[in-house]
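Take the position in the sequence shown, starting the count at 1, then add 1; the result is the number in my numbering.
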Amino acid sequence: MALSSPGIGSNLDVNSIIKQLMAVESQPLTALAKKEANFQAKLAAYGNVSGALGAFQGALSGLTTTAKFQALTATAGDSTIVSASAGGKAVPGSYNLNITSLAQAQTIKTAAQSTTSATIGSGTATTLTFQFGTIGGGTTPTGGVYPVGTTFTQDATRGTGTVTIDSSNNTLQGIRDAVNKANIGVTATIVSDGSATPNYLVFTSSKTGQTSSMKISVSGDATLQNLLAYDPANAGGQKMTESSVAQNTVMTVNGITINSASKTVDEAIQGVSLNISKTGSTTLSVNRDTAAVTSAVNGFVKSFNDINTTLKKLTSYDANTKVAGLLLGDPTVRTVQNGLRQMLSTAITDGSGAYRTLSDIGVSFQKDGSLAVDSAKLQAAVNANVADVGKLFAAVGSSTDSLTSVVGSSAATKPGQYAVSVSALATQGALTGNKDLNAASTVIDPGTSLNVTLNGTTASVALTAGSYNASQLAALLQSAINGTSAFSSAGFSTTATVDGNGFLKLTSSRYGSTSSVSIASGTGTASSALFGAGPTAAVGTDIAGMIDGAAGTGSGQTLTAAGGVASEGLKLEITGGAPGNRGLVTFSRGFADQLSKLVDSYLGSSGLISGRTKGIDNSIKDLDRSREAINNRLAETERRYRAQFLALDTAISSMSSTSNFLQQQLANLPKVE
Numbered sequence: 002m003a004l005s006s007p008g009i010g011s012n013l014d015v016n017s018i019i020k021q022l023m024a025v026e027s028q029p030l031t032a033l034a035k036k037e038a039n040f041q042a043k044l045a046a047y048g049n050v051s052g053a054l055g056a057f058q059g060a061l062s063g064l065t066t067t068a069k070f071q072a073l074t075a076t077a078g079d080s081t082i083v084s085a086s087a088g089g090k091a092v093p094g095s096y097n098l099n100i101t102s103l104a105q106a107q108t109i110k111t112a113a114q115s116t117t118s119a120t121i122g123s124g125t126a127t128t129l130t131f132q133f134g135t136i137g138g139g140t141t142p143t144g145g146v147y148p149v150g151t152t153f154t155q156d157a158t159r160g161t162g163t164v165t166i167d168s169s170n171n172t173l174q175g176i177r178d179a180v181n182k183a184n185i186g187v188t189a190t191i192v193s194d195g196s197a198t199p200n201y202l203v204f205t206s207s208k209t210g211q212t213s214s215m216k217i218s219v220s221g222d223a224t225l226q227n228l229l230a231y232d233p234a235n236a237g238g239q240k241m242t243e244s245s246v247a248q249n250t251v252m253t254v255n256g257i258t259i260n261s262a263s264k265t266v267d268e269a270i271q272g273v274s275l276n277i278s279k280t281g282s283t284t285l286s287v288n289r290d291t292a293a294v295t296s297a298v299n300g301f302v303k304s305f306n307d308i309n310t311t312l313k314k315l316t317s318y319d320a321n322t323k324v325a326g327l328l329l330g331d332p333t334v335r336t337v338q339n340g341l342r343q344m345l346s347t348a349i350t351d352g353s354g355a356y357r358t359l360s361d362i363g364v365s366f367q368k369d370g371s372l373a374v375d376s377a378k379l380q381a382a383v384n385a386n387v388a389d390v391g392k393l394f395a396a397v398g399s400s401t402d403s404l405t406s407v408v409g410s411s412a413a414t415k416p417g418q419y420a421v422s423v424s425a426l427a428t429q430g431a432l433t434g435n436k437d438l439n440a441a442s443t444v445i446d447p448g449t450s451l452n453v454t455l456n457g458t459t460a461s462v463a464l465t466a467g468s469y470n471a472s473q474l475a476a477l478l479q480s481a482i483n484g485t486s487a488f489s490s491a492g493f494s495t496t497a498t499v500d501g502n503g504f505l506k507l508t509s510s511r512y513g514s515t516s517s518v519s520i521a522s523g524t525g526t527a528s529s530a531l532f533g534a535g536p537t538a539a540v541g542t543d544i545a546g547m548i549d550g551a552a553g554t555g556s557g558q559t560l561t562a563a564g565g566v567a568s569e570g571l572k573l574e575i576t577g578g579a580p581g582n583r584g585l586v587t588f589s590r591g592f593a594d595q596l597s598k599l600v601d602s603y604l605g606s607s608g609l610i611s612g613r614t615k616g617i618d619n620s621i622k623d624l625d626r627s628r629e630a631i632n633n634r635l636a637e638t639e640r641r642y643r644a645q646f647l648a649l650d651t652a653i654s655s656m657s658s659t660s661n662f663l664q665q666q667l668a669n670l671p672k673v674e
């Protein structure tokens, strides 16, 4: 007999009974869920610890190098005359500035025209050739025209630009658009004065400064020549007139005259950039940016207190609420707390500065484990010797050799003093021609381009057509190469010079085995016209030498200490001098640098916290496996219970049927009278 529903045969609520039995059997799952919730809470707590440590390390980043402590401010007495910024090479001091003229671009204009759309000339193809240079001779223009005796000297760093005017564009508007489209360093506009013949075509040099004056040669249509020709050295050749003269910014700094082609004047005062707004006299003060230093130290203290608060909250016990922190008694967090406090409480013993402990500059621990700043003491320390405050925090390297500087270190670099010797200095890649360029001018044909390979990067470099002497050609080639985006975007540049034989030489600005220069012909004038038939190419070499008695690794001018010695990972830049012993380098680690390395050991992929969280993750995975095993067992147990109840149900049903049969049979027996 088959039963279609549990309990029919026995009249028992089998589903309810099994549900209650399985609830008892499932109790281990509840325990596992509680364990997992605890593990997940600890993971979140460790996430808070990692976040707090990361924020602390971020606050340290500005203090691990000396840049923050070497920062300067430049303040003008009259900010309407000049504003300034100071870089790391600037020196504190006071300066008197007197600006007598501001840099401006030259502007020249045509004779007035009645319309902007009427054709000018016959439409014959005409070439406008623009040159840029200096107008000299000690003369001044009258009515916008320079007199006899005026000279024009082309700027060798700027090439010649050409524009073609023909029947498609021989109107005032067409000439304007053609010049602007050519992008040759001139801006063309049309100005109307409202008179009967109101329209002037105006050319303005794109660059300011006295070397950006224009000379315009016109070859072709006579009408266009009579309108546009402009040669300041030829009074009869000035068909255009000057509206504004090209001039430099002229100023004195403590009585010394300075000329600049722009209103931005760099390095007139070493390490200082001046932005000139108007003429006049003012003072400029360059001072240490002590406010930035005190702000950084206070930021460091705040960040430490933030992490201290986070760790205390996670490891504390509230007696009132009887609630314990998620990481109370956790050995990993205790190690982090002790490590940070111990490092901050230990004096710097390998530094050369006047300060050895944080308390020397007014930073000290409080009873609750936080740090506090004595602002007056900190300010006094910064005012007295900001450089030594820097040594207290940063990784600092110094050398007895003026051409050797410490530019980096690794976590393995130990503080100390190390001897340095150089066996070979780094060299630059270069290409030297064998053609005497002084013998005759070099003609660059229109459409000339050369294929230049600089430090392994190749690009086509266009050269402006014209006739050039040796120095002009060197300036043209240097400007063209350095202005090519493929090189400038990579930070590559060259220097072009002419040696005593008249040979052109290109030298890469980069040092080392990746430094090289080569040139091949492209279009137009061949490369042999510049460098001769067999130029000599030399690939640069890396520096070679020893640090701390072991051979270092050279890369350009940088020598890195070998592994296995105390100076391991120390990076030195050696920019000149001679092979041989190069003195001693001293390296020390301040608090910020040491703390940053300590935090790295906590947060790294194989660090303390990472190891702990990986352990918790593994425990959660173990719980998942246990949960799966229990669920499998529960499924089997439920199947067993259901089978047993089915058997019981069947047996009771069978007995009920037998009982009913017997009752029927007994009821049918004859009654005994």
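For every residue, glycine included, the Cβ atom is placed at its ideal position computed from N, Cα and C. Since we're looking at a predicted model, the values are computed, not measured.
Just to check my reading of the structure: residue i and residue j have Cβ atoms closer than 8 Å, yes? What is that Cβ distance to the nearest angstrom?
| i | j | result |
| --- | --- | --- |
| Gln-107 | Val-246 | 6 Å |
| Thr-405 | Gly-570 | The pair is not a contact, with the Cβ atoms about 17 Å apart (cut-off 8 Å). |
| Ser-489 | Asn-456 | Not quite, the Cβ-Cβ distance comes to about 12 Å (not below 8 Å), so this is no contact. |
| Val-287 | Ala-269 | Between Ala-269 and Val-287 the Cβ distance is about 12 Å, and since that is not below 8 Å, they are no contact. |
| Leu-451 | Ser-528 | 6 Å |
| Leu-599 | Phe-301 | 14 Å between Cβ atoms; not a contact. |
| Thr-151 | Pro-233 | 5 Å |
| Ala-236 | Tyr-147 | 7 Å |
Is residue j closer than 8 Å to residue i when the C-beta atoms are compared?
| i | j | result |
| --- | --- | --- |
| Phe-133 | Leu-359 | no |
| Thr-524 | Thr-454 | no |
| Thr-130 | Ile-217 | yes |
| Leu-345 | Gly-363 | no |
| Ile-308 | Leu-22 | no |
| Ala-420 | Gln-558 | no |
| Gly-546 | Ser-424 | yes |
| Ala-104 | Asn-249 | yes |
| Phe-504 | Lys-436 | yes |
| Phe-588 | Val-407 | yes |
| Ala-552 | Ala-563 | yes |
If we ignore side chains and look at the alpha-carbon of each, how far apart do residue i and residue j end up?
| i | j | result |
| --- | --- | --- |
| Ala-292 | Lys-69 | 11 Å |
| Ser-5 | Thr-651 | At Ser-5 the pLDDT is 49, less than 50, meaning the model places this residue with poor confidence; the figure from the coordinates comes in the next sentence. Answer to the nearest angstrom: the Cα atoms are 11 Å apart. |
| Ala-3 | Ser-627 | With a pLDDT of 45 at Ala-3, under the threshold of 50, the modelled position of that residue is not reliable, and the figure given next carries that caveat. Answer to the nearest angstrom: the Cα atoms are 37 Å apart. |
| Val-266 | Leu-275 | 5 Å |
| Val-149 | Thr-242 | 15 Å |
| Ala-262 | Gly-484 | 19 Å |
| Gly-59 | Arg-357 | 23 Å |
| Thr-190 | Ala-466 | 25 Å |
| Gly-430 | Glu-574 | 18 Å |
| Thr-120 | Pro-142 | 31 Å |
| Leu-649 | Arg-643 | 10 Å |
| Gly-175 | Ser-169 | 8 Å |
| Val-324 | Ala-46 | 15 Å |
| Gly-612 | Ser-606 | 8 Å |
| Thr-401 | Thr-311 | 45 Å |
| Ala-219 | Tyr-469 | For the record, residue 219 in the displayed sequence is Val; it is not Ala. Distance between the alpha carbons of Val-219 and Tyr-469: 19 Å. |
| Thr-459 | Phe-493 | 11 Å |
| Gly-162 | Ser-278 | 31 Å |
| Gly-256 | Ser-282 | 12 Å |
The beta strand (DSSP E) with residue i in it runs from where to where?
| i | result |
| --- | --- |
| Lys-506 | 505-512 |
| Thr-311 | Run containing Thr-311: none in the beta strand (DSSP E); it sits in the alpha helix (DSSP H), 291-316. |
| Ser-261 | 257-261 |
| Ala-189 | 187-193 |
| Glu-574 | 572-575 |
What are the boundary residues of the alpha helix (DSSP H) that residue i is part of?
| i | result |
| --- | --- |
| Ala-183 | 173-183 |
| Tyr-603 | 592-604 |
| Asn-227 | 223-229 |
| Val-246 | Where Val-246 is concerned, there is no enclosing alpha helix (DSSP H), given that its DSSP letter is neither H nor E. |
| Leu-341 | 332-346 |
| Gly-538 | Looking at the sequence itself, residue 538 is Ala, so the reference to Gly does not match. Counting along the chain, Ala-538 falls outside any alpha helix (DSSP H), though it belongs to the beta strand (DSSP E) covering 537-539. |
| Leu-202 | Per DSSP, Leu-202 belongs to no alpha helix (DSSP H); it is in the beta strand (DSSP E), 200-206. |
| Ala-530 | 529-532 |
Where in the stretch 26-114 do unbroken runs of the alpha helix (DSSP H), each at least 4 residues long, occur, reported from the N-terminal end onward? As far as the stretch 26-114 is concerned, its whole alpha helix (DSSP H) runs of at least 4 residues are 28-62, 68-71.
Quick check on the DSSP output: what are the complete alpha helix (DSSP H) runs of length 4 or more inside the stretch 366-397, in order along the chain? Segments of the alpha helix (DSSP H) lying fully in the stretch 366-397: 376-394.
Please give the ranges of any beta strand (DSSP E) in the stretch 417-499, keeping only runs that are unbroken, at least 3 residues long and fully inside the region. Restricting attention to beta strand (DSSP E) runs no shorter than 3 residues, the stretch 417-499 encloses them at 417-425, 429-433, 443-445, 450-455, 458-463, 467-469, 495-499, ordered along the chain.
Considering only residues of the stretch 602-649, which uninterrupted alpha helix (DSSP H) runs meet the minimum length of 4 residues and lie entirely inside it, listed in chain order? Segments of the alpha helix (DSSP H) lying fully in the stretch 602-649: there are none.
What runs of the beta strand (DSSP E), each 3 residues or longer, lie entirely inside the stretch 122-169? Within the stretch 122-169, the complete beta strand (DSSP E) segments of 3 residues or longer fall at 127-137, 152-155, 162-166, listed in chain order.
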